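From first to last, the protein sequence lines are chains A and B.
When the letters of the first sequence are read in order and numbered with the working numbering, they come out as residues 69 to 515.
When the letters of the second sequence are read in order and numbered with the working numbering, they come out as residues 4 to 361.
We put the beta carbon where it would ideally sit given N, CA and C, even for glycine.
Treat the numbers as computed from the prediction; the structure is a model and nothing was measured.
Inspection log for the structure reproduced underneath, given as structure tokens.
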Amino acid sequence: MSAEQEGIGARIESLFGGNDFLMVVAAMAFIYACFLAVTIAIGLNTVGTVNTLRNVTFFVAAYAMLVLALNLHWGYTGLFNIGVAGFMAVGVYTMGILTAPPGGTPPGLGLPLWVGIIGGMLGAAIVGGIAALPALRLEADYLAIVTVAFSEIIRLAVNSNTLQEFTILGTTLGTGGGRGISYPRPSEPIRAVFYQDPSSPASATTPLGESIFTFFEGFGITSSVVVDSVYTVAIILVALLFYWLLTRIGNSPFGRVLKAIREDELVASSLGKDTRLFKIKAFMVGCALMGLGGILWLGASGFVNPLSFRPNITFYIFIALIIGGAGSNTGAVLGGAVFSALLFLLPQLINQNAGQFIERGVTPDTIVGALAPIASADLLPLVAYAVENMASLRFVVVGLLLIYLMQNRPEGLLGHRSEVASAVDLSERTSRPADARPATDGGETDE
Amino acid sequence: MGVSDTYTRGREMVVERPMAVVVGAVGVLVLLDLARQLATGSMAVSRLLTLLTDGIVVGLAVGLAGIGLSMTYSILNFANFGHGDYVTSGAFTGWAVAYIVAGIGTVSFGDLVLIEANNIGLNISQSPVAVLLGLVAAGVGTIALSLVLDRVVYRPMRDSDGISLLIASIGVALALRYLIAFVWKTGTKGVTASPAKIDLAGVTFTSHELTLVFGSAGLMLGVHLLLQRTKLGKAMRAMADNKSLARVTGIPTERVIRMTWIIGGGLTGIAGYLLVLERGTMSFSFGWVLLLLIFAAVILGGIGSIYGAMAGGLIIGVVDAMSIIWLPSGLTRAAAFLILIVVLLIKPEGLFGGVKTA
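Listed below in structure tokens is the structure:
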């Protein structure tokens, strides 16, 4: 690594005095500024702007949850799990089957919401435990292929018409196949504050809900935006909980063994640690959190179908972790924010409002139509075509960014932060030369 | 070699055996059931033959694409997640050229390049020259792409570990796939016209299926001869076995790597082109969807083994096609992935494991 690259990490660190909270706040402020600039350029009204910012916040929090969970696998333990979508699907579908009303299509068990959420996490943990069994015997890249295959099997299973409805012990259940499954929304406890019947959208409001709605309607903000915003705040709280929990795990004796496994499994097992058991436990905990993340994010609307769990979503979460820096929880949050807001949603917003930026008539239908005018030095059609097809172009950018990161900065934005493994900070007393610092990057450069 | 070593090995065998026994039992049951279904007439022999040939046709293309993946896995030491998008790139390049050759002068050049001219509808018996030139272009185009990507992406990372390269290849996959989507859009394209039907020994083939079968088999034979009869083949086998040793003994490793991309890339592009010839449609992500199947084939055969990739492709293709006898149509692909996981658990080195690149 060159001195200049070392400088980027150090500069980010010194800018905020190593304060993680400030760093995330600054990143979010930057993200909001970008989105505000675009909403102003588009000419969105207050409601549109509030809704856009709420949507961004929701995505950032959702990504933060899942990237944090993946960080436990890849960042801490060095388990290369690229089947995140599958474990999310197990969580959401278990929850759906447990809580869907018995009379619905497909019918469910009609259990209370909290049973569904806990059940979803347990289901994801159990399936994670089964998927982890190969992890005990295989090298990292084999595990990657096993998990991605596992995730595809799960997606194909919930997509299958055969499991659309089935009967066990006289009870008919189902996944709904390609049509998807409906169940009570995970936001019901929040809706209960506003509505007398939280499950019905047309229900009468509670007195508290009534007053809150009237207050915000004064600003032109509709009741649905208010409810969604409160749910978004709840997701942020859960994401903070994830952060707290995973930082605790990382600093606990358990987490230190995980890091030891990541650095050198042979050494860890030589010290008498049953590394296989540690790996399985870490995998199950991470999968349970992925299940919860899936429920709160992809299952938030009270309806889900297999389309939400294509392998792409796994790779987006993975890329967010790489951008942030594997092994760092703050990096995971930052990476999730940068990827979901700036690389995913912002281009989408520009794409959806392409007409606001460039006149419709100019935009060519095909790349050939866009390239042809270049001969006469007319670049506008190409720019218009690029804006119109931003949805595709953003992933080209993400791909190139990933290649750049792996070549020049494999530790991501915040990787290579020194982790204090001892209970007492010993860093002051070391007389080691600066370049002989211990590897904290997951042993990336080790052969 | 000590007592404890023998003891561990013995214990491992005990742990492993039950699974192997279970898998073997399931296999025997499936075959017995197949025999029963044939005997009772609940399944006609002709249907079995049709499923089998369908599986072999697809399996040959998967195996052909798998050769490149297997070679890069063993010689460059990483799982190339961009491989599926090399398949797509080959198909799009090849078919664009085939369209240009077939339709030049009648349809605007832009529509031909974008494979948009619906009235062209290529067919091997009507325009064999266009299809053949497209095949060559698919190979050459993918070779060029592989070499450029190796120069820009992988060569600066030659000393990185497999996981870093794997992640970089995910970046390559994303960039390639969406660049194709940027140029050719995301819709599914109907590419070929319906081919002629040919009756062979009671089973009906299309002329496109036969082209795929003979094309793939011929190219596989070529790879076999190359590996066994030429100095390059020997060098590749040596490098797959032990890179440092190969370098010490004077093998020009960079040149071998370049040849790996040339052979692997060319075969991959042609495999994509032939697959589209057989199925008639393509979209920007069809190679990506195929990638897991190719991985399954390569791992099943044993990573690094060319013959393993060929055999693995055939097995995966046949399993994918024949599992419809027992499984509902949505789950046949899951059966192929399940085989992948089971093989990794029971015999991680694959069927042809231990033999590297030969």
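query                                                                                                                                                                  : result
For B:Ile201, write down the residues that DSSP places opposite it in a beta bridge.                                                                                   : B:Phe208
Since A:Leu181 and A:Thr167 are thought to touch, with beta carbons under 8 Å apart, how far apart are those beta carbons, to the nearest angstrom?                    : 6 Å
In the region 292 to 309 of chain B, which residues sit with their C-beta less than 8 Å from some C-beta in chain A, listed in chain order?                            : Leu295, Phe298, Ala299 and Ile302
Counting only C-beta atoms, is B:Tyr89 closer than 7 Å to chain A at any point?                                                                                        : no
Start and end of the beta strand (DSSP E) containing A:Thr239?                                                                                                         : Thr239 to Leu241
Are A:Val128 and A:Ala388 close, meaning C-beta to C-beta below 7 Å?                                                                                                   : no
Just list the residues that DSSP pairs A:Thr273 with in beta bridges.                                                                                                  : A:Tyr263
Determine the chain A residues that contact B:Ala184 at a beta-carbon separation under 7 Å, and present them in chain order.                                           : Ser460
Determine the chain B residues that contact A:Thr544 at a beta-carbon separation under 8 Å, and present them in chain order.                                           : Nothing in the structure corresponds to residue 544 of chain A, since chain A is present only between 69 and 515.
Listing by chain order, which chain A residues have their CB less than 8 Å from the CB of B:Met74?                                                                     : Those within 8 Å of B:Met74 in chain A number zero; the least Cβ separation is about 16 Å.
Excluding sequence positions up to five away, which residues of its chain have a Cβ less than 7 Å from the Cβ of B:Thr179?                                             : Looking at the sequence provided, one finds Leu at residue 179 of chain B rather than Thr. Counting only Cβ-Cβ distances below 7 Å, and skipping sequence neighbours, we find Gly85, Asp88 and Ser92.
Which residues does DSSP list as the beta-bridge partners of B:Gly193?                                                                                                 : B:Thr284
Does A:Thr235 come out as helix, strand or coil in the three-state DSSP assignment?                                                                                    : strand
My output table needs one value for A:Ile317: the three-state DSSP class, helix, strand or coil.                                                                       : helix
Could you check the C-alpha separation between B:Leu348 and A:Asp209 for me, to the nearest Å?                                                                         : 14 Å
In the region 225 to 310 of chain B, which residue ranges form an unbroken alpha helix (DSSP H) of at least 4 residues, counting only runs that do not cross its ends? : 234 to 244, 246 to 251, 256 to 282 and 289 to 304
What residues from the region 92 to 119 of chain B come within 7 Å of chain A, judged by C-beta to C-beta, listed N to C?                                              : Gly113, Val116 and Leu117
If the cut is a Cβ gap below 9 Å, which residues of chain D does A:Asn457 touch?                                                                                       : The question asks about chain D, but that chain is absent: this structure's protein chains are A and B.
Between the alpha carbons of B:Val345 and B:Val48, how many angstroms are there, rounded?                                                                              : 29 Å
What is the C-beta distance between B:Ser332 and B:Thr191, in whole angstroms, given that I count them as a contact (C-beta under 8 Å)?                                : About 19 Å separates the two Cβ atoms, so there is no contact after all.
Residues of chain B with CB under 9 Å from A:Phe412, in chain order?                                                                                                   : Within 9 Å Cβ-Cβ: nothing; A:Phe412 doesn't reach chain B, min ~12 Å.
What is the C-beta distance between A:Tyr311 and A:Asn397, in whole angstroms, given that I count them as a contact (C-beta under 8 Å)?                                : 6 Å
So B:Met160 contacts chain A; which residues on that side make the cut at Cβ distance below 8 Å?                                                                       : Met474 and Gln475
Residues in its own chain within less than 7 Å of A:Ala438 by CB, not counting five upstream and five downstream?                                                      : Pro432, Pro449, Leu450 and Tyr453
So, with DSSP's three-state summary, where would you put A:Phe518?                                                                                                     : Chain A is shown from 69 up to 515; residue 518 of chain A falls before or after that span and cannot be answered.
So is A:Ala443 buried or exposed if we call it buried at 16+ other beta carbons inside 10 Å?                                                                           : exposed
Kindly indicate the opening and closing residues of the alpha helix (DSSP H) around A:Arg23.                                                                           : In the structure as shown, chain A starts at 69 and stops at 515, and residue 23 of chain A therefore has no counterpart that could be examined.
Decide if B:Val321 is buried, meaning its Cβ has at least 16 other Cβ atoms within 10 Å, or exposed.                                                                   : buried
Tell me which residues share the same chain as B:Ser326 and place their Cβ nearer than 8 Å to its Cβ, disregarding the 5 neighbours each side in the sequence.         : Leu334, Thr335, Ala338 and Ala339
Can you give me the Cβ contacts of B:Thr207 inside the same chain, cut-off strictly under 6 Å, excluding the 5 residues immediately before and after it?               : Lys200
Which one of A:Gly288, A:Ser250, A:Ala137 and A:Gly362 has the shortest CA to CA distance from A:Pro175?                                                               : A:Ser250
At least one CB of chain B closer than 7 Å to the CB of A:Phe262: is that the case?                                                                                    : no
Given this structure, state the Cα-to-Cα distance separating A:Ile391 from B:Ser128, to the nearest angstrom.                                                          : 51 Å
Name the chain A residues whose beta carbon is nearer than 7 Å to that of B:Ile173?                                                                                    : Phe383 and Leu470
Using a beta-carbon distance below 7 Å, is A:Gln73 in contact with chain B?                                                                                            : In this predicted model, A:Gln73 has a pLDDT of only 48, less than 50, meaning its place in the structure is not dependable enough to derive any value.
Per the DSSP calculation, A:Ser250 is bridged to which residue(s)?                                                                                                     : A:Phe371
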